[in-house]
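Asks:
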Amino acid sequence: MELERHEYDVVVVGAGGAGLRAAIEAQESGARTAVVCKSLLGKAHTVMAEGGIAASMANLYPEDNWRVHFRDTMRGGKMLNHWRMAQLHAQEAPDRVRELEDWGALFDRTPDGLISQRDFGGHRFARLAHVGDRTGLELIRTLQQRTVALGIDVYMECTVTRLLTGPAGGGGAGGEQGITGAFGYWRESGRFVAWQAPSVVLATGGIGKSYKVTSNSWEYTGDGHSLALQAGATLVNMEFVQFHPTGMVWPPSVRGILVTESVRGDGGILKNSAGNRFMFDYIPDFFRKETAETEDEADRWYEDKKNNRRPPELLPRDEVARAINSEVKAGRGTPHGGVFLDIASRRTPEYIRKRLPSMYHQFKELAEVDITAEAMEVGPTCHYVMGGVEVDPDTEAARVPGLFAAGEVAGGMHGSNRLGGNSLSDLLVFGRRAGLAAAEHALRRIGRTELADDALADAARAALAPFEREGGENPYTVQQDLQQTMHDLVGIIRTAPEMEQALERIAALKVRVANLSVEGHRQYNPGWHLALDLPHMLIVSEAIARAALERQESRGGHTRDDFPATDSEWARTNLVCSRTADGGVALTRQPLPQMPAELAEIFEESA
Amino acid sequence: MSYDATFRVWRGDASGGGLQTYTVAVNEGEVVLDVIHRLQATQAGDLAVRWNCKAGKCGSCSAEVNGRPRLMCMTRMSTFGEAETVTVTPLRTFPVVRDLVTDVSYNYEQAARIPAFAPRPRDKDGNHRMQQIDVERSQEFRKCIECWLCQDTCHVIRDHEENKAVFSGPRFLIRLAELDMHPLDVTDRRNAAQEKFGLGYCNITKCCSEVCPEGIHLTDNGIIPLKERVVDRRYDPLTWLGSKIGRRPKD
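From first to last, the protein sequence lines stand for chains A and B. In terms of my numbering, the first sequence opens at residue 1 and continues consecutively. In terms of my numbering, the second sequence opens at residue 1001 and continues consecutively.
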């Protein structure tokens, strides 16, 4: 078998914010580090993040601090977050933002010359460091340029299909089982490549491409979630999928493309077809004390946050997405099945173009809508998975020695619902910690384990299987059927019979995926690439559906029509997914980690 | 609302290829990339194309549409007549890998050559202070999504492979301009701009600005000011004298 081989201390899979931040830290810690990514460097999904990076720098509100950010994050996640991750995140985010400036990032400024911060849903104070509405681009470019400056090896357009495990730490009898490397293929040539490395950091992002309406790109096929399961690690909180309340709904070809929450943070409001500002009808008791009761109070809040409460448009995303869903179902939607998002009647055209340049451009170019003059039509779109690899909060280590995970592919940090702006800070905080721990893990191991020939041959055989089969189904059709299944049956509002049906369909899709065939040859062949991504999408979809069926309550990004209330027993329980011997998903219930008293006190302080 | 369009798509690899004609359905509101995806899903499963965000933010799906360098995700089908044939070809300035995918490694090599950002120290309280008006000049260039359309259209390298050894292309001239205007950066890259990155090769025909999907004024706001600063640095008699008697750093 023709195989390109490399040896590193740390291999990072994924070149979004978490992957690059991990690679930078690993390299700076003295580990020989490589980044492997499916796209060209700088194209990762982080680039799509618009609003900003949440960090309690207190540049605009001196009252802000990590405790307030911690509290907002936990409440946004309906208290199901791993407290330790939420604590580290809130404490370390400001430093992670400041260091980006040392690497060349140029954030928008306050009049004092400090980093400006903007309002976002669920955050008590204006907290998001931003660059217009293209913060993700600034983040990715800054980290990319730092990666290049440090001379880190980047394997672009290269897909990892297997993690390799074995007796880690130089072999010999009695060595613990752990990561020994990874196997993949170059997209350009279709040739195989293997990396021998004692540490692998998964930073592969999310799973959104399993849904029909999504803000996610083709890359979001759950590779990291699936690779982790395959290697013997576990996933937590997989039932929680975030539907961003505001995706584009028209024209059909752009359905799902993200409309940043900054539109609401900067003054935009939601209206139904009758012109009513309907979010006032959907304020849950959990957030009633901190949400404005009248339109006047809500409007005053933008200028005076001390004496007024937040507009209901800025409730956490799960609340807003459910409300929009209900309005449309009740027949009060727009002609194309969304609701109106209006900033045109509330802010000047100059302000809108200045604060939201890429939204202005996006609607102008793709929908022929001038957002400074008319309202946008928006509806929920699959955006983010809260669930992911179960990790140790301090080191991001998974249950398999040598395996680490950071960013969207890791679970726990966001509980049942992520606040806007907390993703970019999550990438930085936990990307750095994962890189550091991965480097330490590798540098402690002097001996290296040779990659087993049979494992490599098996990985190659599996990758080439779709070429061997003649007359099988086209992978694009199977993908569309999976997307329709998840959209219809495991979407925003869920019921037991629908999810049982979804699991039956997923089982049938597994059979179809095992019989796919692809045309053409190995050189840059998207049909083949999709055929290899589909098994990942299926196992992750199964994990979501199984966990969602099991959790008989509604919380955050998991809403059960048949169990509409939160449940105090489930408030103390995480669902953990592992892989069964036959390639399925097994669930176990696990008690939520107990928050120490000094942190619990924060929630007894004034609301 | 739906109609059948005629598409001609370049298929092939480094050893050669040609335009293939397809008849493919087009629906309301679609962009060229949607149609390419439909071809993939229904007629040409192995049609190679790069894309990611499908919203003009990542700069992956660059190609030449009817000869114009464009992002396929931002080129609406409504800009063509229903009877008009739409021809999609790979970026001409870079070697073809397969179909619409080209080898853009030249750009990554140029990026790695640029002397890295080097900031002044932070203020005592750990912050950097900059005024909005000062950051905006470099922010314009940091809007760049690295779609390489400016590189593709630039006549210095478009049909002059030999110039790639001495000229980095408009994307990296504005990267140099960005760093030059960056309020925190302390490295002087002006000599390098001229000597290592080929600033002098640009004769400001502004083709790059015309094709930029982000509307960056590469020439007016980036390259011309950089040329002026280079002239100041290199041809000012006092600066020249200073550099000769060693009071200033050589670069």
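For glycine and all other residues, C-beta sits at the position ideal for the given N, C-alpha and C. Quick caveat, the model's predicted, so the values are computed rather than measured.
Taking the Cβ atom as the reference point for each residue, do Pro-1237/B and Ala-1177/B lie within a distance shorter than 8 Å?
Replies: no
Asks: Just curious, the beta strand (DSSP E) that Pro-94/A is in, first and last residue?
Replies: Counting along the chain, Pro-94/A falls outside any beta strand (DSSP E), though it belongs to the alpha helix (DSSP H) covering 83-102.
Asks: Just how far apart, CA to CA, sit Val-241/A and Cys-382/A?
Replies: 7 Å
Asks: In angstroms, rounded to a whole number, what distance separates the CA positions of Asp-582/A and Ala-18/A?
Replies: The straight-line gap from Cα to Cα measures roughly 32 Å.
Asks: For the stretch 561-594 of chain A, list the alpha helix (DSSP H) runs that are entirely contained and at least 4 residues long, ordered along the chain.
Replies: You should have found no qualifying run.
Asks: What's the gap between the Cα of Arg-109/A and the Cα of Gly-435/A?
Replies: 30 Å
Asks: Would a C-beta distance cut-off of 8 Å place Val-320/A and Pro-245/A closer than the cut-off?
Replies: yes
Asks: For Leu-41/A, return the contacting residues in chain B, with the cut-off set at a CB-CB distance below 8 Å.
Replies: Tyr-1108
Asks: In terms of residues, what are the limits of the beta strand (DSSP E) holding Ile-179/A?
Replies: 177-186
Asks: Any idea if Lys-364/A is buried or exposed, counting beta-carbon neighbours within 10 angstroms, 16 or more meaning buried?
Replies: exposed
Asks: Given this structure, state the Cα-to-Cα distance separating Ser-568/A from Pro-312/A, to the nearest angstrom.
Replies: 25 Å
Asks: Under 8 Å, Cβ to Cβ, is there at least one residue of chain B near Ser-217/A?
Replies: Answer yes: the Cβ-Cβ gap between Ser-217/A and chain B drops below 8 Å somewhere.
Asks: Verify whether the separation of the beta carbon atoms of Val-36/A and Gly-206/A is less than 8 Å.
Replies: no
Asks: Starting from Pro-1069/B, trace the beta strand (DSSP E) in both directions and tell me its first and last residue.
Replies: 1068-1071
Asks: Does chain B have any CB closer than 8 Å to the CB of Met-48/A?
Replies: yes
Asks: For Glu-473/A, name the three-state secondary structure that DSSP assigns.
Replies: strand
Asks: Quick check: what's the CA-CA separation for Lys-289/A versus Glu-92/A?
Replies: Looking at the two C-alpha atoms, the distance is approximately 28 Å.
Asks: Here's the rule: buried if 16 or more other CB atoms are within 10 angstroms of the residue's CB, otherwise exposed. What is Phe-1252/B?
Replies: With chain B covering 1001 to 1251 only, the question about residue 1252/B has no answer from this structure.
Asks: Given a limit of 8 Å on CB to CB distance, which residues of the stretch 10-42 of chain A reach chain B?
Replies: Identification of residues in the stretch 10-42 of chain A having a C-beta nearer than 8 Å to some C-beta of chain B yields Ser-39, Leu-40, Leu-41, Gly-42, given in sequence order.
Asks: Taking Cβ positions, are Thr-372/A and Arg-346/A nearer each other than 8 Å?
Replies: no
Asks: Which whole-angstrom value is the C-beta distance of Leu-592/A and Asn-574/A, which I expect to be below 8 Å?
Replies: That belief holds up - the Cβ atoms of Leu-592/A and Asn-574/A are roughly 6 Å apart, short of 8 Å.
Asks: Can you have a look at Pro-335/A and say buried or exposed, based on whether 16 or more other CB atoms are within 10 angstroms of its CB?
Replies: When all chains shown are included, Pro-335/A counts as exposed.
Asks: Inspect the CB distances between the stretch 454-474 of chain A and the stretch 39-48 of chain A and report whether three or more fall short of 8 Å.
Replies: no
Asks: What residue range is occupied by the uninterrupted alpha helix (DSSP H) comprising Glu-350/A?
Replies: Residue range 349-355 is occupied by the alpha helix (DSSP H) that includes Glu-350/A.
Asks: Could you check whether Val-478/A and Leu-509/A sit closer than 8 Å to each other, using their CB atoms as the reference points?
Replies: yes
Asks: Ignore the nearest five residues each way along the sequence and tell me which others in Lys-1164/B's own chain have a CB closer than 8 Å to its CB.
Replies: Counting only residues of its own chain and dropping the five nearest sequence neighbours on each side, Lys-1164/B has a CB closer than 8 Å to the CB of Tyr-1106, Ile-1157.
Asks: Tell me which residues share the same chain as Ile-152/A and place their Cβ nearer than 8 Å to its Cβ, disregarding the 5 neighbours each side in the sequence.
Replies: Ala-23, Ile-24, Gln-27, Thr-33, Ala-34, Val-35
Asks: Could you check what DSSP says for Gly-1200/B in three-state terms: helix, strand or coil?
Replies: helix
Asks: So that I know if they touch, is there some Cβ in chain A lying closer than 8 Å to that of Trp-1051/B?
Replies: yes
Asks: In the structure shown, what three-state DSSP assignment does Gly-76/A receive?
Replies: helix
Asks: So for Val-1035/B, helix, strand or coil by DSSP?
Replies: helix
Asks: Quick one: does Trp-186/A have its CB under 8 Å from some CB of chain B?
Replies: no
Asks: From the DSSP output, in three-state form, read off Gln-1020/B for me.
Replies: strand
Asks: Pro-1213/B: which of Cys-1061/B, Ala-1014/B, Met-1181/B, Gln-1043/B sits nearest, CA to CA?
Replies: Cys-1061/B
Asks: Which of helix, strand or coil does DSSP assign to Cys-1150/B?
Replies: helix
Asks: Look at the Cβ atom of Leu-1071/B, then the Cβ atom of Asp-1152/B, and state whether they are nearer than 8 Å.
Replies: no
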